[in-house]
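Going by the numbering used here, the residue at position 65 of the sequence shown is 63; the numbering climbs one at a time, nothing skipped. Before any comments, here is the structure.
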Amino acid sequence: MTIVRTRFAPSPTGNLHIGGIRTALFSWAYARHFNGIFILRIEDTDINRSTLSATQTIIDGMKWLGLNYDEGPFYQTKRINRYFEIINYLLSNDYAYYCYSSVEEIESFRKKQRSFGEKPRYNRIWRPEPGKILPSIPINRKPVIRFKNPLYGNITWNDLIKGKITISNKELDDLVIVRADGIPTYNFCAAIDDWDMKITHVIRGDDHINNTPRQINILKALGVTLPFYGHLPMVIDSNKVKISKRKEATDIMYYKKKGFLPEAILNYLARLGWSHGNEEIFSIKQFCYWFNDCKYLSKSPAQFNLKKLEWLNNFYIKSYDDKKLLNLIQPIIKKKKQYLYYR
């Protein structure tokens, strides 16, 4: 029997988002239910925006909540050599090519497409085809490397949450898999990591749905087994707008500072788009026992309700005995004393 292997793969570019922790929770619980493996992977190829402090926040937040990982953390920036092994294979086997189009040239072509009411996309001028004469290579221009996306057919997968999804290859560009600065791109790295790490179930936000067909095509070109994909609907605020990663109130560590307990946060997030009958309050152990199929997750966005979280937090605080409460508040009192002393 195949061992279930799931992963949480955040980008260290800001706060540890409460929506990200919800994704991590479902991925973690699914692995725990099936006695599988849960992996933490740091997707840090966005060098300009990734920070060490954000990485540490991810690790600290996971530890505080008790979402222990069995393998990792793995860092994409430490796997560059592996990515280029695959890139060289794709280039050698006509699955990828060098593209010398400048940003200005691509934008000019897209502008022309928009004027004709067409969907803007790369014109594939550098894509090698039998009998095609390619342009002369510009002097002193660094190329990107693009994946040769299939021109015809569809990509179909049975989403663990949303059901059957089909996307036409005609809707997809030839994906850039290596930028001009020589750094492999997110979509490529994520696909290779999922393969190398033997991920069986990819549970992530539905903002990744458009990435999935691109990653599937890369994995198909390599002739490997595809994981199952499940896409969680986003978390929205009281105005029914996706909650922003940059806002303090979406940072999981903000809730720690405000005195919220891990048990309350996990209980609340587990109920955000999922239910087990009328059960409102349950332990994380119970949740792992119950959570055995992603199809019971809601297909609609989940609305964050602070009042409900506060109600759950009050319940868990009242359930603590005196010793447990003392251990909880001692660090807070100590910090307050230090603050008053140094004022």
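Glycine included, every Cβ here is placed at the ideal spot set by N, Cα and C.
Judged by DSSP in its simplified three-state form, Arg80 adopts helix.
By the C-beta criterion, the region 48 to 65 is judged not to be in contact with the region 295 to 310, since fewer than 3 inter-stretch pairs fall below 8 angstroms. Trp193 sits away from Leu158, with the two beta carbons spaced by 8 angstroms or more.
His199: member of the beta strand (DSSP E) spanning 199 to 203, first to last residue.
By the neighbour-count definition (other C-beta atoms within 10 Å, threshold 16), Gln74 is a buried residue. With a cut-off of 8 angstroms on Cβ pairs, the region 137 to 151 is in contact with the region 94 to 105, counting three or more such pairs. DSSP, reduced to helix, strand and coil, places Glu116 outside both helices and strands of the structure shown, so it counts as coil. With respect to Ile214, Leu224 sits close: the two C-beta atoms are nearer than 8 angstroms.
Take Leu170, set aside five residues on each side of it, and the residues of its chain with a beta-carbon closer than 7 angstroms to its own are Asn147, Pro211, Arg212, in chain order. In its chain, beyond the 5 residues on either side, Ile201 have a beta carbon closer than 6 angstroms to the beta carbon of Phe24. Residue state for Arg139 is assigned as coil, using DSSP reduced to three classes. In the pairwise beta carbon analysis, the region 38 to 57 is classified as touching the region 174 to 185: at least three pairs are separated by under 8 angstroms. A distance below 8 angstroms separates the beta carbons of Arg5 and Ile37.
Counting along the chain, no beta strand (DSSP E) covers Tyr294, and no H or E run does either. Segment contact: the region 80 to 89 against the region 104 to 113, fewer than three CB-CB distances shorter than 8 angstroms; contact not assigned.
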